[in-house]
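Residue numbers (our numbering): -13 to 92. All C-beta atoms in this analysis are idealised placements derived from N, C-alpha and C, irrespective of residue type, glycine included. First comes the structure, then the notes that go with it.
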Amino acid sequence: MLRMDNGPEFISLVLAEWAEQHAVKLEFIQPGKPTQNAFIERFNRTYRTEILDFYLFRTLNEVREITERWVSEYNCERPHQLLNNMTPEEYRQHNHLAGISKNAWN
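What follows is the structure, given as structure tokens:
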């Protein structure tokens, strides 16, 4: 299941088709209720503060490269208080949770 807001990128036919092909249920939060998706709202705020507001990008590829490095650090090197001061990757391994391959998004 993917929970998301009602932004235009999330109400597209392409996303709906992808979700159907991969047997993924789409769940939309109520408009004006970001607390229904608090974890991703927090992630987005951190990403905006540390990446989008910090750099002046020259190319889309540069955004992708910097973001990929940041996501790796965020998930594999940075402890999160909510996860008992484990990184998300440590938490996933500790709790035997399945990961999502990048290839699943293609």
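Buried versus exposed, by CB contacts within 10 Å (16 or more), residue i
i, result
"Y60", "buried"
"D39", "exposed"
8 Å CB neighbourhood of residue i in its chain, flanking five on each side removed
i, result
"T32", "Y60"
"R44", "none"
"E3", "none"
Cβ shell of residue i (< 6 Å), same chain only, five flanking positions each side left out
i, result
"Q7", "none"
"I26", "none"
"M(-13)", "K11, E13"
Residue i, enclosing alpha helix (DSSP H) - first and last residue
i, result
"L1", "-1 to 7"
"T53", "46 to 62"
Nearest-angstrom beta carbon gap, residue j and residue i [assumed within contact, 8 Å]
i, j, result
"R64", "T73", "6 Å"
Terminal residues of the beta strand (DSSP E) in which residue i lies
i, result
"L(-12)", "-12 to -10"
"F14", "12 to 14"
Reference residue i; option with closest CA among the options
i, options, result
"G(-10)", "E48, V10, I15, A9", "According to the sequence displayed, residue -10 carries Met and not Gly. The residue with the shortest Cα to Cα distance from M(-10) is I15."
"V57", "N30, M(-13), V0", "N30"
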